[in-house]
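S.K.: My questions will all concern the structure given below.
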Amino acid sequence: LETQLQKAVGRFVRLTVTGTNNGWASLYEFKIIPDEEAEEPEPGKCIQNEAIERLEATSSAEGRGADKLRDGVTEIGSGWLSESREFPQTVTIYFNKPQTLLGSRIYWEKDSSWYTYDLEVTRDGSTWESVIQDMRVGGQHYKPETFTEIQENVIATRVTIKNVEAGGVYQIGIAEWMLYGYEYEEPEPEPVKEYEYLSDLVWTSAYSDYTDVKKDEAAYGGKLVLNTPDGMREFSKGLGTDTKSEIVYTFEEGKYNRFETYIGINAAAGRDDGQVIFRIYGDDELLYESPVKMRDDNCEFVSVDIAGITTLKLEAVWNGEGRYGTHADWADAKLYLRQEEPAAPVELSKSVLEYALSLAESASTEGVVDSVVQNFNDAKAVAEDILAKAQAGDPSLTQEMVDESWQNLIKAMQYLSFKQGDKTDLQKVIDLAKTFDLSQYLEEGQQAFTDALAAAEAVLADGDAMQDEVDQSWRDLLKAMSELRLKPNKDALKALIDEANGLSTEGADEETVTEFQNALAAAAAVFDNEQASEEEVTAAEENLKVALDQLKAQTGENTGDSGSAGGDASTGNAGSSGTTGGSGIADNGSTEKAGAASGSRTVQDNAKAARTGDAAPIAGMAAVMILAAVGIMYYGRKKERR
């Protein structure tokens, strides 16, 4: 039999067989024939631009931004166009208020291309949920897509184009994007739950003789049916047990305040002489005990106060006189939840908060450390938000929240006296420190200098640094600079070593030779040591010089008056005018010679300090220069301030 339905618009069709003519119902074919002439129905009303906050795109060509997606023009080349041809490319619509979305319609950039895309929605701004995934459509496909599931409470939706197939040069774009739906409305809150059935809860323990405790049915099967004055009454909820049974529930203290149930022997019980006593315990205290219940007795309604208890125990016991074993029913057994009394609305005091905000408006943050400014701005923003909610009568607001907001704002204002330190001097000392070539200095003191420089630069970059911290940082750096030591000059030591290497030990005794060789080895070790101090170099020179003089005295070589080889007073070398192996006259002008030697020795000492970097004079000179530089800094600052 072929039937024809009237034209209808819908998403689902259902066929129901309501009867047969003396046979089995069967269905050979069930076919839905679409109306070829009918237009594709729209999923719902089109969402207007007034509901949209903004549109964004990962890339846009000039003059073809995301705003073109909603300009009402569906022609090719009129909408959004991606500047980049890399995949994926995404366009996103953000709503002013949450929306319920029913479907989407996209007019593509080019009708000869094929597009593969995803459509997603977000309800919280961070988690995106897929609605349409990997859909491949031609550019001429602009029919609306009805979502399989209604998307509620949507704050934004996006389309991600993952691929474009084209015969020639492809373009990534959408001429127009239409959305269907309406503004989302919060569902009505569920009514406050008044009670919970025992059979819906998990018991702590349950025991019943001969059979298990049953939920929502009698102990031996069947419905929970009890006798009443009006006849038998069937209950859909409750517990069914045998004559000897115990059921225990534990729960949070204060969660429930009353237990109610109908008790009695099931009306369908086969034994008419069964007898049962029902008992109810709260935290092991007997709260109720029933009289003996017989098979044909009417059920009894029981209501017990259980406020504050955490353990509820139900017992059904044998009387001892009647026959043992029967059906005991706890019908419609339920626990009533303790209900909170709604608090009466309280008028919030806003005067102090309003005054605190007026003070904050006139407060200055100029020159204040960054963290204090941030804390002040945050506290002010919170206070303004609290005041706006209070003025709007927000029921979630409390007086404690109002008071806390203005108290935090006042505390934040108290720190506005924390000014940033003047870093002019710090910058000058850092600039000077960066001119130092550490390769010219001993390693000792370099790490302290490097650490002090790093610490000073950190303070310079710290927007929270105050004046004491700034001053201490440049002082520490200046101290580390003054404690650096230049590497000593070893030219004199090298000359002595070269002279010693050219001497013969022939004619000298063994002790003198040993002392000479030890002094020469020690001098060579100091010369090779890059980190040798001024004191070590001087000591090596003196020891080697003494050993040389002793060796020369025994080998018969002329030493002058302990001067170095080939020296004279004019060069600052020790001794007068004697030369090694020369013919100097020892008594020629002894007074003049002594004076010359004295003068020569003085010149020699000064020259030695200059060429070896002696710690005392050189360090003193460096300290004077650094202090002079700092003095110039302060003089400059005072002059600027005048």
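Residue numbering for the sequence shown follows the working numbering, starting at 3 and increasing by one per position. All C-beta atoms, glycine included, are put in the ideal place defined by N, C-alpha and C.
1. Quick one: what's got a C-beta closer than 7 Å to T367's C-beta in the same chain, skipping five residues either side?
2. Please confirm whether any heavy atom of the ligand MG lies closer than 6 Å to the CB of V294.
3. Can you find the residues in the same chain that come closer than 7 Å, C-beta to C-beta, to Y443, ignoring five residues on each side of it along the sequence?
4. In whole angstroms, what separates the C-alpha of S86 from that of T102?
5. Could you tell me the boundaries of the alpha helix (DSSP H) in which W205 lies?
6. How many whole angstroms separate the CB atoms of W110 and E122, which I take to be in contact at a CB cut-off of 8 Å?
7. Between the Cα of Q519 and the Cα atoms of Q469, G504, N531, which residue gives the shortest distance?
8. Quick check on this structure: which residue in E167, G266, T159, T118 has the alpha carbon closest to the alpha carbon of R125?
9. Give the range of the alpha helix (DSSP H) segment to which A523 is assigned.
10. Near G395, what residues of its chain come up, given a Cβ to Cβ distance below 7 Å and the 5 sequence neighbours on each side ignored?
11. In or out: E254 buried (at least 16 other Cβ within 10 Å) or exposed?
12. Pairs of beta-carbons, one from the segment 76–94 and one from the segment 140–160, closer than 8 Å: are there three or more?
13. Anyone know if the C-beta pair for F89 and K164 falls short of 7 Å?
14. Under 7 Å, do T328 and A269 count as touching if we go by C-beta distance?
15. Going straight from the alpha carbon of E167 to that of D73, what length do you get?
16. Between the segment 177–194 and the segment 63–73, do three or more beta carbon pairs fall short of 8 Å?
17. Alpha carbon to alpha carbon, what distance is there between Y199 and K352?
18. Is the beta carbon of V404 closer than 7 Å to that of L350?
19. May I ask you to list the residues that DSSP assigns as paired with K690?
20. Going by the beta-carbon positions, is the gap between K336 and E262 smaller than 7 Å?
21. So the alpha helix (DSSP H) Y357 belongs to, where does it begin and stop?
22. Taking a contact to mean a Cβ-Cβ separation below 7 Å, would you say A330 touches Y264 in this structure?
23. So the beta strand (DSSP E) E368 belongs to, where does it begin and stop?
24. Quick check: what's the CA-CA separation for L434 versus L399?
25. From the DSSP secondary-structure annotation, give me the bridge partner or partners of Q153.
M.R.: Straight from the coordinates:
1. Take T367, set aside five residues on each side of it, and the residues of its chain with a beta-carbon closer than 7 Å to its own are V375, F378, L418, in chain order.
2. The ligand MG is not among the ligands present in this structure, which contains no ligands whatsoever.
3. Excluding sequence neighbours, Y443 sits near L486, R487, L488, K489.
4. The straight-line gap from Cα to Cα measures roughly 32 Å.
5. No alpha helix (DSSP H) holds W205; DSSP gives it neither H nor E.
6. At roughly 18 Å, the Cβ-Cβ gap does not stay under 8 Å, so W110 and E122 are not in contact.
7. Q519 has its Cα closest to that of G504, out of Q469, G504, N531.
8. For R125, the closest alpha carbon among the candidates E167, G266, T159, T118 is that of T159.
9. A523 -> alpha helix (DSSP H) spans 512–530.
10. There are no such residues.
11. Burial is judged here by how many other beta carbons sit within 10 angstroms of a residue's own beta carbon; E254 has fewer than 16 and is exposed.
12. By the Cβ rule, the segment 76–94 counts as touching the segment 140–160, because three or more pairs are nearer than 8 Å.
13. Yes; because the gap between Cβ atoms is below 7 Å, this pair is in contact.
14. In this structure, A269 does not lie closer than 7 Å to T328 by Cβ.
15. Taking the CA atoms as reference points, E167 sits about 26 Å from D73.
16. Proximity of the segment 177–194 to the segment 63–73 meets the contact definition, three or more beta-carbon pairs being nearer than 8 Å.
17. If you take the alpha carbons of K352 and Y199, they lie about 46 Å apart.
18. Cβ distance < 7 Å, so L350 and V404 count as in contact.
19. Not covered by the structure: residue 690. The range shown for the chain is 3 to 644.
20. It is a contact, given that the beta carbons lie within the stated cut-off.
21. According to the DSSP assignment, Y357 belongs to the alpha helix (DSSP H) that extends over 353–364.
22. No.
23. Premise fails: E368 is in no beta strand (DSSP E) and is neither H nor E.
24. Cα to Cα, the separation comes out at about 58 Å.
25. Here Q153 is bridged, per DSSP, to L103.
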